[in-house]
Every structure is written in C-alpha cells, then in structure tokens.
C-alpha cells in the first residue's frame, strides 16, 4: 500500500471494480498522484469535520477509458485526481454528510449529493492548485442536476 496521508492510500483513490473487470489499467501519472495527495490531505480535513468517521472511497482517479466506461462527465475532476466519491457510514447518510459539509468552512470546489440506480453517495471535488474553490453545492440524480442540496 502506498500511503498518501495518515488515513488514505493511493490504492483507495485508484481502485475500481469496473477497471478490474474490463482490464483497464487505472494507474495515474506523477502529476495526478500529486493531485491525489492534495485530495487525500483535504479528505483528512473532511474526516475531521465528520467527527473522525472513516470515509469509504468508492471512486477517485479515473483514467479516460475508465471514465468513459462508468459514464463520467467528459470534464470530470476525477480525470485529474481532484475528486472522489465516498460515504462515511459511521457518521451517517450521504445526505447528513452533505448537510454537515455544506455548512462547514471547508474550501471545497464541488459538493454533490448523488443518487443513481438505488445507490447514494457524496461527490467531493477540490479546486486545482492556485484556483479559488467555488463551494458549489448540487444534487444529481436521474431527474438531472439541481443547484442546492436535497431538491
């Protein structure tokens, strides 16, 4: 295992069942590993904001082939290692996580409450180095994208 921070490894941010089942190599280049390290450092702050609850990363970096395979947006922050999807069961539901983070002072770029095919998770994106975070809060589900949460 390759540690990025005290609680997160590179493997957590690159693991993908889809990549494994389809034979997709999802190995990030060094510049993206640097972004993943920043993302993991930010995730440590998120973890603290959630009372130290462990975060289960379901999607982090996605190479272009993997991003296409999972139906990711063409401009997804996952492509450059600046986003992850997660849950934190010990804290509460994805909705509770989004509510807590949306009222925090954390400088996230995007916080998205996502629902698809019966699954619910939190998408967390950080801004690229030197870019001001937007603190954009959205809900995305089969009905489309809406500003604000829980709509």
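Residue numbers (our numbering): -14 to 136.
Where is the CB? At the ideal position from N, CA and C, for every residue including glycine.
Quick caveat: nothing in here was measured; it's all calculated off a predicted structure.
Query, Result
"Buried/exposed call for residue 109, threshold 16 Cβ in 10 Å", "buried"
"According to DSSP, residues forming a beta bridge with residue -10", "For residue -10, which the question treats as bridged, DSSP gives no partner whatsoever."
"Pick from 100, 101, 25, 89 that is closest to residue -5, judged by C-alpha positions", "25"
"Own chain partners of residue 130 with C-beta closer than 7 Å, once the 5 adjacent residues on each side are dropped", "123"
"Cβ-Cβ separation, residue 69 to residue 45 (assumed contact under 8 Å), whole Å", "5 Å"
"Through-space distance from residue 54 to residue 5, alpha-carbon basis", "12 Å"
"Limits of the beta strand (DSSP E) - the one that residue 42 falls within", "41 to 44"
"Nearest-angstrom Cβ-Cβ length linking residue 51 and residue 76, presumed shorter than 8 Å", "Their Cβ separation, rounded to whole angstroms, is 28 Å, which puts residue 51 and residue 76 out of contact at 8 Å."
"Residue environment, residue 41, which counts as buried when at least 16 other CB atoms sit within 10 Å", "exposed"
"Bridge partner(s) assigned by DSSP for residue 99", "106, 125"
"Test item: CB-CB of residue 29 and residue -8 under 8 Å", "yes"
"Residue environment, residue 128, which counts as buried when at least 16 other CB atoms sit within 10 Å", "exposed"
"Buried/exposed call for residue 107, threshold 16 Cβ in 10 Å", "buried"
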